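Written out below as structure tokens is the structure these notes cover.
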Amino acid sequence: MDDFLHGWQLHANRRPKLLIADDQPVIIRVLFELFRESCDVFMATSGAQAIQVCQTEMPDLILLDVVMDDLDGHEVCRRLKADPTTSGVPVIFITSQDQEDDEVKGLELGAVDFIVKPINPVVTRARVRTHLTLKLQGDLLRASALLDGLTGVANRRKFDEDFQADWRHCIRENAPLSLVIVDVDYFKRYNDRYGHQAGDGCLKAVARALSETLRRPYDTVARYGGEEFACLLPKTALPGAVSIAERMLAAVRALSIEHVASAVEPWVTISLGVASVAPARDLSPAGLLRAADEALYAAKLAGRARVNVAFGG
Ligand SMILES: [Mg+2]
Numbered sequence: 001m002d003d004f005l006h007g008w009q010l011h012a013n014r015r016p017k018l019l020i021a022d023d024q025p026v027i028i029r030v031l032f033e034l035f036r037e038s039c040d041v042f043m044a045t046s047g048a049q050a051i052q053v054c055q056t057e058m059p060d061l062i063l064l065d066v067v068m069d070d071l072d073g074h075e076v077c078r079r080l081k082a083d084p085t086t087s088g089v090p091v092i093f094i095t096s097q098d099q100e101d102d103e104v105k106g107l108e109l110g111a112v113d114f115i116v117k118p119i120n121p122v123v124t125r126a127r128v129r130t131h132l133t134l135k136l137q138g139d140l141l142r143a144s145a146l147l148d149g150l151t152g153v154a155n156r157r158k159f160d161e162d163f164q165a166d167w168r169h170c171i172r173e174n175a176p177l178s179l180v181i182v183d184v185d186y187f188k189r190y191n192d193r194y195g196h197q198a199g200d201g202c203l204k205a206v207a208r209a210l211s212e213t214l215r216r217p218y219d220t221v222a223r224y225g226g227e228e229f230a231c232l233l234p235k236t237a238l239p240g241a242v243s244i245a246e247r248m249l250a251a252v253r254a255l256s257i258e259h260v261a262s263a264v265e266p267w268v269t270i271s272l273g274v275a276s277v278a279p280a281r282d283l284s285p286a287g288l289l290r291a292a293d294e295a296l297y298a299a300k301l302a303g304r305a306r307v308n309v310a311f312g313g
């Protein structure tokens with residue numbers, strides 16, 4: 001197996017997606033034969049079709065013919081780069097030898113490379129391999145920038161992004177959005193008693209227990225602060241969110257991590273604040289956050305190791 005393909009399988013757990021857009025079927029056929037074993041290949045025979053496939057398939061790389069009848073390659077590239085959902089897709093232009101000006105124009109439009117007709121299989125393969133490797137590295141870097149280094153769950157930045165996105169999504173879908181804020185009880189005492197390394201281990205175990213409680217792919221848990229976690233539950237009303245919070249409380253208790261310095265129980269426990277809202281344009285995500293925070297604060301005042309619910313959040 002090609003090295004670059006091995007990297008894709010290992011880190012992305014899939015084959016790269018390659019879009020070939022050319023109005024000459026013979027070119028498409030040649031390129032398809034070159035890459036069908038290493039990539040999932042998509043094909044388009046017009047500029048309009050290329051844009052459509054980009055939006056539905058989100059390819060990892062496009063081989064884009066410059067000269068096409070309807071939208072030429074430059075215009076396709078311009079439109080892809082102008083759309084935030086497709087602007088990250090790298091473009092390699094396919095040009096003819098007599099189109100040197102096209103290369104300058106293509107670079108200015110954000111293309112990453114060129115291949116020249118007639119297609120040289122060795123050169124084409126090498127360039128595609130290089131740019132698919134770069135695409136994978138970029139994807140991995142972006143993903144890791146959104147993860148909390150210690151626990152592996154989403155970080156605060158990712159939480160902020162998801163919160164905004166979920167808020168808008170729930171407005172569109174006319175669906176409720178719930179938020180659970182979780183705090184590890186007497187965590188400072190835990191660190192003082194057992195050391196920071198054990199403290200790190202404790203946070204990792206808690207993060208894993210919280211994640212495992214969530215079953216739907218769009219529910220997310222994030223590390224919100226030092227020993228605070230936040231769980232976003234789109235399309236979940238208050239009763240559902242409360243039952244998830246109760247399961248989280250039980251899951252962390254079931255870890256049975258010794259904590260003799262805790263004033264509530266002799267093992268690690270958490271306090272949880274739950275709030276739910278029907279997002280609307282005249283409300284703000286900050287209000288939901290505040291309600292969940294206040295509910296958490298009340299849970300602590302009431303003796304910790306419990307779920308507390310905000311009403312009217
Ligand atoms: Mg053409």
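Following UniProt numbering from start to finish, the sequence shown increments by one per residue and tops out at 313. Ideal placement from N, C-alpha and C gives every residue a C-beta, glycine not left out. Because the structure is a prediction, the values reported are computed rather than measured.
Opening and closing residue of the alpha helix (DSSP H) in which M248 lies: L238 to A254
Of the residues A298, V153, G303 and A82, the one placed nearest A310, counting alpha carbons only: A298
Cα-Cα separation between T45 and P217, rounded to whole angstroms: 35 Å
D65: CB within 7 Å of a non-hydrogen atom of ligand 1: yes
Limits of the unbroken alpha helix (DSSP H) element including V122: P121 to S144
Status (buried if at least 16 other CB within 10 Å, exposed otherwise) for H11: Residue environment analysis places H11 among the exposed positions, since fewer than 16 neighbouring C-beta atoms fall within 10 angstroms of its C-beta.
Residue range of the beta strand (DSSP E) that includes K17: K17 to A21
Own chain residues within Cβ distance below 6 Å of Q97, not counting five before or after: V116
Environment of V268 [buried if 16+ CB atoms lie within 10 Å]: buried
With 16 other Cβ atoms within 10 Å as the buried cut-off, status of N155: buried
Three-way DSSP call (helix, strand, coil) for D293 in this model: Helix.
Inter-stretch contact at 8 Å, needing at least 3 Cβ pairs: the segment 90-106 / the segment 58-74: Contact between the segment 90-106 and the segment 58-74 is present, because at least three Cβ pairs lie under 8 Å.
Any non-hydrogen atom of ligand 2 within 7 Å of D23 CB: No copy of ligand 2 occurs in the structure displayed; its ligands are ligand 1 alone.
Alpha helix (DSSP H) runs contained entirely in the segment 172-228, provided each spans 4 or more residues: For the segment 172-228, whole alpha helix (DSSP H) runs of length 4 or above, ordered along the chain, are 187-194 and 196-213.
When D23, H259, L255 and A250 are compared against R306, the one with the closest alpha-carbon: A250
Cβ contact check for the segment 225-236 and the segment 163-173: 3 or more pairs under 8 Å: yes
Residue of P16, R157, V53 and Q137 minimising C-alpha distance to R36: The residue with the shortest Cα to Cα distance from R36 is P16.
heavy atom of ligand 1 below 7 Å from M68 C-beta: yes
Alpha-carbon spacing of D166 relative to C77, whole angstroms: 30 Å
P234 (DSSP reduced to helix, strand or coil): strand
For T85, the three-state DSSP class (helix, strand or coil): coil
Rounded straight-line distance, which links the Cα of A280 to that of P90: Whole-angstrom Cα-Cα distance: 37 Å.
Residue interval of the alpha helix (DSSP H) (run including D101): E100 to E108
Alpha carbon of E212 to alpha carbon of Q137, nearest angstrom: 28 Å
Inter-residue spacing [alpha-carbon to alpha-carbon] between D219 and I244: 11 Å
For H259, the nearest candidate out of D148, K188, R215 and G225 (CA to CA): Just measuring C-alpha positions, the residue of D148, K188, R215 and G225 sitting nearest H259 is K188.
Candidates D72, I92, V264 and Q55: closest to P84 by CA position: Looking at the Cα atoms, Q55 is the closest of the given residues.
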